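Each remark here refers to the structure printed beneath this line.
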Amino acid sequence: MVPGSQRQRWPAAQKRSVRCEEARACAVAASAAGRSRRWQEALGGLRNLVGRTVRADLVIYSAVVGACNKGHRWQVASAVNEELQHRGLALDEVACNAQIGACARGARWRCAAVLLQAMRQCRFEPGLPAGNAAASACEKGQRWELAVECAAALRRSATPTDVITCSAVLSACEKCKQWRRPLRLLQDLRLQGLRADVVAHSAAVSACSGGGAWAFAAGCLAEMRDGSLGLDTAVSNAAVSACRGGARWGLALHAACGLQELSLVADVITFGSAISACTGEAAWEWPLELLRTARRTGVRPGTVALNAAIAAGEEGGRWEEALAVASLLRRWGLEPDTTTSNSAMSACEKGTQWICALDLFDQLGRAGRPPDTVSHNVALAACVRGGRLHGALALA
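Counting with full-length UniProt numbering, you get residues 1 to 396 for the letters of the sequence shown.
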């Protein structure tokens, strides 16, 4: 005979056994649904389980989060994770990795950084996928310091970073104009015997364009060419811009002219940066030549580039070409500024065309652009050159 107390416990035990079986079945189904990106099916299984008061465990929640991630439903994945924590379930390594992945795809950088920190506090070693996902989330949120910290956390846990880590951190640095970091990151990759991909190189060159790190930008560009890494016009433009900022007009020209060799098309940014880079007496011919090339290809550089071309005409004593470029602004619907007039005036004055110089000075006032100190000095020099003493005295 079975005691009565035991007979009463059997139904409860049997019920618990059934619930455990249902929970295990739900976990298996959620994992299978995740592999097929059927996130609705995995989520529906979880909701059905909870609705029947069957306690879902961490394995089930992690499987559902993974399914939602694979189905690109990152907000749903985050909501499931919040429910997991609300029910008092402690996060494990699998759950943390899943949630960090959801944060990365949803650009929730703060959440990813907190989770990575929580993993370390719980003495979970953040694996490479988790570290890369966190760095990617910080990159999307333009938080370069946190992206760098994610890479550092991997190194502290003796987990070697890879090209994906480097690319995410480089991209974050590029977006935040932090050009010094890319040098160290690419050097780290080389020390590990890894080869940076096109994303890493592109981000590094773009970051250098903001800091004038011309030597590094030119080196990256050469590596991309030699390694057939899918060099495009945007990366070349960034290298031209970096060389312009570093006052290396020869390298800027080399980068701009190299587009044709790669069957790439130079655009308005290419010509604008290259023209602006070619300053000084030694380079005065190039802005005018680049402008002629731009016109032949149907590209119309902006006011800054045209002003640089006018200044080049002034440097080279080509006042006719300086005036021709100045007239282009109006024909192209661009608004000349005081710099435009000053450069054209100076070119005419140096070319002994003092009447033209004074006419340009008068046009400044008529156009509603007040002459500045440079304008007055050039007009004064033109008056002296033309023997207009009364005019010179009036300007003095």
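Idealized CB from N, CA, C, for every residue including glycine.
Just so it is clear, the structure is predicted and the values come from calculations on it, not from any experiment.
Rounded to whole angstroms, what is the Cα-Cα separation between residue i and residue j?
i           : j           : result
residue 305 : residue 214 : 20 Å
residue 164 : residue 136 : 9 Å
residue 238 : residue 63  : 43 Å
residue 172 : residue 241 : 19 Å
residue 112 : residue 153 : 13 Å
residue 198 : residue 331 : 40 Å
residue 186 : residue 359 : 55 Å
residue 146 : residue 138 : 6 Å
residue 80  : residue 160 : 31 Å
residue 378 : residue 208 : 37 Å
residue 178 : residue 205 : 11 Å
residue 167 : residue 132 : 10 Å
residue 68  : residue 109 : 19 Å
residue 335 : residue 367 : 11 Å
residue 352 : residue 222 : 45 Å
residue 297 : residue 355 : 35 Å
What is the residue span of the alpha helix (DSSP H) that residue i lies within?
i           : result
residue 373 : 373-385
residue 130 : 128-140
residue 173 : 163-175
residue 340 : 338-350
residue 154 : 144-156
residue 223 : 214-226
residue 367 : Per DSSP, residue 367 belongs to no alpha helix (DSSP H) and is neither H nor E.
residue 261 : 249-261
Find out if the Cβ-Cβ distance for the pair residue i, residue j is shorter than 7 Å.
i           : j           : result
residue 278 : residue 319 : no
residue 343 : residue 311 : yes
residue 372 : residue 340 : no
residue 276 : residue 314 : no
residue 288 : residue 309 : yes
residue 235 : residue 268 : no
residue 333 : residue 302 : no
residue 176 : residue 142 : yes
residue 218 : residue 251 : yes
residue 256 : residue 283 : no
residue 326 : residue 357 : no
residue 99  : residue 115 : yes
residue 201 : residue 224 : yes
residue 191 : residue 231 : no
Spatial neighbours of residue i within its chain, please: C-beta separation below 7 Å, excluding the five flanking residues on both sides.
i           : result
residue 285 : 316
residue 51  : Because the pLDDT at residue 51 is just 49, under 50, the model does not fix this residue reliably, and the point stays unresolved.
residue 128 : 154, 159, 162
residue 361 : 345, 371, 375, 379
residue 321 : 288, 313
Using a Cβ-Cβ distance cut-off of 7 Å, determine whether residue i contacts chain B.
i           : result
residue 231 : No chain B is part of this structure, which consists of one protein chain only.
Can you name, in chain order, every residue of its own chain whose Cβ lies under 8 Å from the Cβ of residue i, other than the five neighbours on each side?
i           : result
residue 169 : 135, 139, 144, 147, 148, 150, 151, 181, 185
Going along the chain, which residues of its own chain have a beta-carbon closer than 6 Å to the beta-carbon of residue i, five neighbours each way excluded?
i           : result
residue 103 : 111, 112, 137
At 4 residues or longer, what runs of the alpha helix (DSSP H) sit wholly inside the segment 266-332? 268-277, 285-296, 303-315, 319-331
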